[in-house]
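Worksheet for the structure shown next.
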Amino acid sequence: MTEFTLIPACGAAIPTDPFIGQHLIDGAWVGSADGAVFERHSPAHGDLVSRSARGGGDDIARAIAAARHAFDAGDWAASPGAARARILLKTADLIDENRERIAVLETLESGKPITQARAEIEGAADLWRYAAALARTLHGDSHNSLGPDMLGMVLKEPVGVVSLITPWNFPFLIISQKLPFALAAGCTAVVKPSEMTPSTTVILGQLLQRAGLADGVVNIVLGYGDPVGALMTGDDRVDMVSFTGSTAVGKQIVRTAAGTLKKVSLELGGKNPQVIFPDADLEAAADAIVFGVYFNAGECCNSGSRIIVHEDVAGTLTEMVVDASRKVPFGDPLDPRTKVGAIISPDHQAKIAAYVRDAETAGAQVALGGKALSIDGLAGQFHAPTIVTGVTPDMAIATEEVFGPVLSVLTFRTMDQAILLANSAPYGLSAGVWSRDVYTCLEFSRRVRAGTVWTNTWMDGFAEMPFGGVKQSGQGRELGRYGIEEFLEVKSVQMRIGDTRPRWVA
Ligand code: NDP
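Just so it is clear: in the sequence shown, position 8 is 1262 by my numbering, and no numbers are missing.
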């Protein structure tokens, strides 16, 4: 049997001219005040993909001022939900029309497979449509039982100016988990994509303009976390920060935001366990495990990066997972057959390799992979599908986010042990359980500490279902109706009817 399934360079044309990205500030596309730029090369092919304005203090200050002015002017915040919905729906249509263009750029900057990128852009359009529905159904409460002379109203109001900071692993999808919900609520925004994947967010800005969004409602500043992200977090003209990325930067954001006590919503890392009981459909579980750990090359907050398998089936299941892993096509992300593309950067590749090395040193065994892959005709970095067995809870690889195509295998005997292991990581993003017994699934679902639990499946997602983490995986929720609630404040209005108020001073 071949060791791995590799897809060589497919020869698909890569644009010869790089995509040029500028900031969107108050409706104008502009370079940086100091003229600085940065470049992004395809992590799979090595080719220059984009050249972007590199934002600094002046650029971010102007973007925040524009968002503040647009919010305070009230045109967007006070517009009817139906009017906001029209713009969101038009944006969704434009995303569909531009799907291929966005997907190719996403693949070239991130290294993810083109078929996956297309599906993500399609999913993103669905989120814009879902948020449009929320814009029209947004409402507060009334209290008609406070007595004959009182009426209480609970108004939902937009939080204000929001800073949206996104990572490189799902650039277009993650901004679409935030921005349409913020806009549906009536907020204005300043957006910063990761410096590794800025271009599809720029295209989104262009589409928003074509959809008729007024100047200043959405502003985009390209550049690095330092200084752009940090300034977006500390500025007192910003009311809220919504961030997706690493737990370390999430903590930094909380510290910076504390200076002005702004609202903070965080989607951070995960060390997501799948627990497999002996009565499970092992074939279905093996396929989902392979999907869970290699999807997006494991560069995924929801990566199913550790399995906790009952001792009676651990040997059999591990063999099945190793066999299936050899069949997963790794290689040129522009080839539609590829399921796993490149690793985002050489530094990240080195970090993944170090986790595997350290686990081996600590006594674990590498059952498959554990090394860089070289793919014919491609200059970028790839990592082999990797399975590490004999992992014990004290090893870093058991509890820390590797963010690569690396599976850790742990074992258990009883439900209590499984729960203890599942809850042993500092994270609590998602978890899964495999069993044909509904009581086993229910008990696990109720006892595991996670924002999402999958039973007999992995990583299904719906616009309707809230997403977020507990413990160090974050705070707040995206998607579902909670996705818009994040961007709303609650105001109590208490109305006395008639001159019925008892006098305090006679
Ligand atoms: P980061 O958390 O560093 O970056 C996410 C975003 O935050 C980027 O736009 C980044 O800018 C920005 N940022 C960085 N520093 C600050 C700051 N002080 N204030 C405000 N914004 C800031 O993730 P990385 O891209 O560096 O990835 C590192 C690790 O994070 C990964 O190995 C993985 O473990 C984890 N990660 C988790 C994700 C998730 O979905 N949960 C997503 C991505 C990463 P820029 O990078 O452009 O400088």
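Backbone N, C-alpha and C fix where the C-beta goes; we use that ideal spot for every residue, glycine too.
All of these numbers come straight from a predicted model, not from anything done at the bench.
Cβ-based burial, residue i [other Cβ within 10 Å; buried from 16]
{"i": "Glu1718", "result": "exposed"}
{"i": "Arg1560", "result": "buried"}
{"i": "Thr1510", "result": "buried"}
{"i": "Ile1356", "result": "buried"}
{"i": "Trp1758", "result": "exposed"}
{"i": "Asp1329", "result": "exposed"}
{"i": "Lys1516", "result": "buried"}
{"i": "Asn1526", "result": "buried"}
{"i": "Ile1673", "result": "buried"}
{"i": "Ala1332", "result": "exposed"}
{"i": "Pro1600", "result": "exposed"}
{"i": "Gln1619", "result": "exposed"}
{"i": "Lys1446", "result": "buried"}
Short CB-CB distance (under 9 Å) between residue i and chain D
{"i": "Pro1452", "result": "Structure shown: chain D not included; a single protein chain is present."}
Member of the options whose CA lies at the smallest distance from the CA of residue i
{"i": "Ala1438", "options": "Asp1347, Leu1342, Pro1421", "result": "Leu1342"}
{"i": "Ala1551", "options": "Pro1590, Phe1584, Leu1683, Glu1565", "result": "Phe1584"}
{"i": "Val1284", "options": "Arg1316, Val1594, Met1713", "result": "Arg1316"}
{"i": "Lys1366", "options": "Gly1634, Val1759, Phe1741", "result": "Gly1634"}
{"i": "Leu1661", "options": "Gln1671, Ala1650, Pro1680, Thr1668", "result": "Ala1650"}
{"i": "Leu1627", "options": "Ala1298, Glu1565, Ser1304, Ala1320", "result": "Ala1298"}
{"i": "Leu1433", "options": "Gly1477, Ser1448, His1602, Thr1455", "result": "Thr1455"}
{"i": "Gly1705", "options": "Asp1469, Phe1721, Ala1679", "result": "Phe1721"}
{"i": "Ser1496", "options": "Gln1729, Val1747, Asp1753", "result": "Gln1729"}
{"i": "Pro1756", "options": "Thr1709, Asp1403, Asp1630", "result": "Asp1403"}
{"i": "Phe1549", "options": "Arg1390, His1637, Ser1399", "result": "His1637"}
{"i": "Leu1742", "options": "Asp1493, Glu1655, Ser1678", "result": "Asp1493"}
{"i": "Pro1425", "options": "Asp1313, Thr1498, Val1444", "result": "Thr1498"}
{"i": "Thr1694", "options": "Met1407, Leu1675, Phe1716, Thr1668", "result": "Thr1668"}
{"i": "His1295", "options": "Arg1305, Asp1533, Asn1398", "result": "Arg1305"}
{"i": "Thr1572", "options": "Ala1621, Thr1615, Ala1608", "result": "Ala1621"}
Any non-hydrogen atom of the ligand NDP closer than 8 Å to residue i Cβ
{"i": "Asp1764", "result": "A question about residue 1764 goes unanswered here, because the residues of the chain that appear run from 1255 up to 1760."}
{"i": "Gly1499", "result": "yes"}
{"i": "Thr1514", "result": "no"}
{"i": "Gly1504", "result": "yes"}
{"i": "His1397", "result": "no"}
{"i": "Leu1208", "result": "As shown, the chain starts at 1255 and ends at 1760. That puts residue 1208 outside it, with no answer to give."}
{"i": "Glu1697", "result": "no"}
{"i": "Met1669", "result": "no"}
{"i": "Ile1428", "result": "yes"}
{"i": "Pro1447", "result": "yes"}
{"i": "Met1713", "result": "no"}
{"i": "Gly1307", "result": "Going by the sequence as given, residue 1307 is Ala instead of Gly. Because no heavy atom of the ligand NDP lies under 8 Å away, the Cβ of Ala1307 does not count as near it: no."}
{"i": "Thr1592", "result": "no"}
{"i": "Ala1484", "result": "yes"}
{"i": "Glu1553", "result": "yes"}
{"i": "Phe1424", "result": "yes"}
{"i": "Phe1657", "result": "yes"}
{"i": "Lys1605", "result": "yes"}
Three-way DSSP call (helix, strand, coil) for residue i in this model
{"i": "Met1669", "result": "helix"}
{"i": "Met1407", "result": "strand"}
{"i": "Trp1422", "result": "coil"}
{"i": "Glu1740", "result": "coil"}
{"i": "Pro1527", "result": "strand"}
{"i": "Val1472", "result": "strand"}
{"i": "Val1492", "result": "coil"}
{"i": "Val1747", "result": "strand"}
{"i": "Tyr1681", "result": "strand"}
{"i": "Ala1267", "result": "coil"}
{"i": "Thr1259", "result": "strand"}
{"i": "Trp1758", "result": "coil"}
{"i": "Ile1597", "result": "coil"}
{"i": "Arg1294", "result": "strand"}
{"i": "Ser1306", "result": "strand"}
Residue i: CB within 8 Å of a non-hydrogen atom of the ligand NAD
{"i": "Pro1421", "result": "Absence of the ligand NAD from the depicted structure is noted, with the ligand NDP being the only ligands included."}
Beta carbon of residue i nearer than 9 Å to that of residue j
{"i": "Ser1500", "j": "Leu1467", "result": "no"}
{"i": "Asp1350", "j": "Phe1531", "result": "no"}
{"i": "Val1594", "j": "Val1642", "result": "no"}
{"i": "Ala1290", "j": "Gly1310", "result": "yes"}
{"i": "Val1471", "j": "Ala1324", "result": "yes"}
{"i": "Lys1581", "j": "Thr1259", "result": "yes"}
{"i": "Ser1557", "j": "Val1547", "result": "yes"}
{"i": "Gly1275", "j": "Pro1452", "result": "yes"}
{"i": "His1564", "j": "Phe1698", "result": "no"}
{"i": "Glu1553", "j": "Ile1507", "result": "no"}
{"i": "Gly1483", "j": "Gly1682", "result": "no"}
{"i": "Gly1623", "j": "Thr1646", "result": "no"}
{"i": "Glu1732", "j": "Phe1435", "result": "yes"}
{"i": "Arg1390", "j": "Ala1336", "result": "yes"}
{"i": "Ile1629", "j": "Pro1262", "result": "yes"}
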